[in-house]
Structure formats: structure tokens, C-alpha cells
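In my numbering, the protein residues as written are 32 to 269.
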């Protein structure tokens with residue numbers, strides 16, 4: 032198995048969520064959806080007067096070089112739209128939760144108009160929470176007032192954070208169940224940013240670290256939705 036080692040500088044992901052009951056609701060766009068989303072203990076980073084960008088990296092046991100590898104290693108493969116983005120930091124690490132409405136399902140139990148919550152690495156962490164978990168380190172000189180007013184923005188390896196109204200093709204786990212400390216009912220992107228394709232113009236692409244041009248062995252990683260669906264259909268029939 033091909034293995035790429037990168038220094039791990041972010042913490043093990045731990046946080047607390049509460050599952051809501053599944054129900055039929057109408058979202059802000061007037062669309063009837065089957066709500067399977069998760070309520071999270073989030074905070075608004077815009078409420079903090081001081082924002083500091085920090086760099087971090089990830090440690091991968093496996094690199095998913097193309098859609099075929101992602102498909103074969105994922106339980107759910109879906110295409111849809113981000114409806115809501117929230118940030119959580121209970122573990123001291125930055126995590127993003129986004130509610131995602133399924134428009135097309137290519138693998139797994141999810142159906143059109145299901146709305147789920149997806150967990151992604153990166154986002155924002157309140158400095159006080161970071162210090163509580165990891166110690167004050169290079170923030171020793173920060174006053175209590177400055178600590179309380181500071182939030183750290185973290186994009187692991189420079190990967191873009193999810194945004195409302197973005198359309199993604201995502202490769203996901205099964206919903207988490209009885210796997211503490213992870214939350215029941217939440218889905219996780221396969222291979223962090225490797226499992227999320229987003230649009231650049233009319234092509235679906237995924238993030239590649241700028242300083243690692245050979246991160247994926249498959250360099251042809253830009254597709255129209257029609258091309259993606261052709262690849263997925265072929266995998267389904269094999």
C-alpha cells in the first residue's frame with residue numbers, strides 16, 4: 032500500500048454533538064428535504080476581534096489517487112449542495128460541520144433530498160479552547176483579554192473550507208455509530224480533502240497541496256459532472 036507520511040500537527044478530532052430526529056422539512060430555498068442533520072455546539076468566528084491564520088498538516092495512511100480508488104473505499108458517494116456551515120472546536124482542533132443536501136446518489140443508502148451533516152478537518156478554533164487543550168506555547172505573552180478575543184483559522188495543508196451554496200461530489204463513510212469520541216449520525220469525508228470534489232469553472236476538481244505537485248499519481252483529475260458519472264457507473268458495474 033502506497034503511503035505518504037506528513038508531519039501531524041493537528042490534534043485527534045474530538046467533539047460533542049447531539050442528533051436530531053429525522054423529519055421532513057422545507058429549507059430556505061423551498062425544497063422539501065429529509066432532515067438527517069446533526070445539531071452541533073458551534074460558535075461564530077466573526078464574533079472575535081482578532082483572527083490569526085495558522086498552518087497545519089495531516090498524516091495519511093493512504094493516498095486516494097483517483098475517483099476509482101475513492102469509490103472502492105467509500106460507503107457513500109453523493110453529489111449535492113452545502114446548505115449550512117458551522118465551526119466546532121471542543122477538542123482544541125478546528126473542525127467544520129456542513130449540512131449537505133443530496134441531489135444525486137451514486138453509492139450507499141443516501142437518497143435524493145436527504146440532508147446530512149458532514150465533518151471536515153479545518154476551520155476555526157477559539158484561542159482559549161486551544162490553550163485549554165494544548166497549553167499556551169507561543170501565546171504566553173497574550174493577555175487574558177486578547178486570548179478571549181482571538182480565534183485561529185486553520186486550513187490543513189491549505190485546503191479550502193466548505194462554503195454555503197458550494198456544490199460537491201463527496202466520498203463518505205457510513206454514519207458514525209457508537210464510535211466515541213465521534214458523534215453518532217455524522218458522516219466523514221474519505222481521506223479528508225481527498226474525498227471532496229468542488230467546481231473550478233465547469234470542472235470538478237479536488238485540492239492538491241501547492242507544495243506537493245505529485246501528491247496524486249493521477250494527474251488527470253478534472254472532470255465535468257457527466258464524465259464523473261460515467262466513471263462512477265463503470266465502477267458500479269464492475
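By construction, the Cβ of each residue, glycine as well, lies at the ideal position given by its N, Cα and C atoms.
Just so it is clear, the structure is predicted and the values come from calculations on it, not from any experiment.
{"Query": "Cα-Cα separation between residue 52 and residue 267, rounded to whole angstroms", "Result": "Only weak support is given to the placement of residue 52: the predicted model assigns it a pLDDT of 42, under 50, and the value that follows is read from those uncertain coordinates. Going from the Cα of residue 52 to the Cα of residue 267 covers about 31 Å."}
{"Query": "Host alpha helix (DSSP H) of residue 99 (start-end)", "Result": "98-103"}
{"Query": "Helix, strand or coil at residue 175 according to DSSP, with G and I counted as helix", "Result": "helix"}
{"Query": "Same chain, Cβ closer than 8 Å to residue 258, five either side skipped, listed in chain order", "Result": "none"}
{"Query": "Under 8 Å between C-beta atoms of residue 116 and residue 102", "Result": "no"}
{"Query": "Residue 186 in three-state terms, based on DSSP", "Result": "coil"}
{"Query": "For residue 77, the three-state DSSP class (helix, strand or coil)", "Result": "helix"}
{"Query": "Residue 131 versus 198, 181 and 208, residue with shortest Cα-Cα distance", "Result": "198"}
{"Query": "Inter-residue Cα distance where the pair is residue 176 and residue 158", "Result": "11 Å"}
{"Query": "Euclidean distance between Cα positions of residue 83 and residue 254", "Result": "35 Å"}
{"Query": "Three-way DSSP call (helix, strand, coil) for residue 268 in this model", "Result": "helix"}
{"Query": "Nearest-angstrom Cα separation, counted from residue 237 out to residue 182", "Result": "27 Å"}
{"Query": "Inter-residue Cα distance where the pair is residue 64 and residue 146", "Result": "6 Å"}
{"Query": "According to DSSP, residues forming a beta bridge with residue 124", "Result": "DSSP, once it has assigned bridges, lists no residue as partnering residue 124."}
{"Query": "Simplified DSSP state of residue 216, which is helix, strand or coil", "Result": "coil"}
{"Query": "C-beta contact flag for residue 221 and residue 95 at 8 Å", "Result": "yes"}
{"Query": "CB of residue 190 within 8 Å of CB of residue 153, strictly", "Result": "yes"}
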